[in-house]
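Residues in the sequence shown are numbered consecutively from 103, following my numbering. No residue lacks a Cβ here, since even glycine has one placed at the ideal position from N, Cα and C. If you're wondering where the values come from, they're calculated on a predicted model, not measured in any experiment.
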Amino acid sequence: MKYNTKKEGVSHDKDLFTHMPKALQTMALIEQRAKTRFLEIKSSIERGETTLEEVKRQRGLI
């Protein structure tokens with residue numbers, strides 16, 4: 103299921119999304135943004151542009 107807003111350019115089931123409680127809408131948007139960011143990082147690592155260690159350092163995890 104995709105819950106992105108139109109601002110992010112991904113289609114979603116607007117009727118379902120608008121009938122969700124506001125807290126659930128917010129949670130779904132956060133989840134989708136996290137997934138998008140994860141895929142960007144994963145792709146960057148696969149292309150050799152960065153390493154997992156560099157990403158961890160940038161996020162303050164190591």
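Which residues in the same chain have their Cβ closer than 7 Å to the Cβ of residue i, if we skip the five residues on either side of it in sequence?
i      : result
Ala125 : none
For residue i, which option in the options has the closest C-alpha, if you only look at C-alpha atoms?
i      : options                : result
Ser146 : Thr120, Val157, Ala136 : Val157
Gln160 : Glu148, Ile143, Arg149 : Ile143
Looking only at its chain, what residues have a beta carbon closer than 8 Å to the beta carbon of residue i, apart from the 5 residues adjacent to it on each side?
i      : result
Glu151 : none
Within the continuous alpha helix (DSSP H) that includes residue i, where are the two ends?
i      : result
Ile143 : 124–148
Glu151 : Here Glu151 belongs to no alpha helix (DSSP H), and DSSP marks it neither H nor E.
Asp117 : 116–120
Return the chain-ordered list of same chain residues with a C-beta closer than 6 Å to the C-beta of residue i, the five sequence neighbours on each side being excluded.
i      : result
Ile164 : Lys158
Assuming residue i contacts residue j (C-beta within less than 8 Å), just tell me the rounded distance between them.
i      : j      : result
Gln127 : Phe140 : Not really, about 20 Å apart at Cβ, beyond 8 Å.
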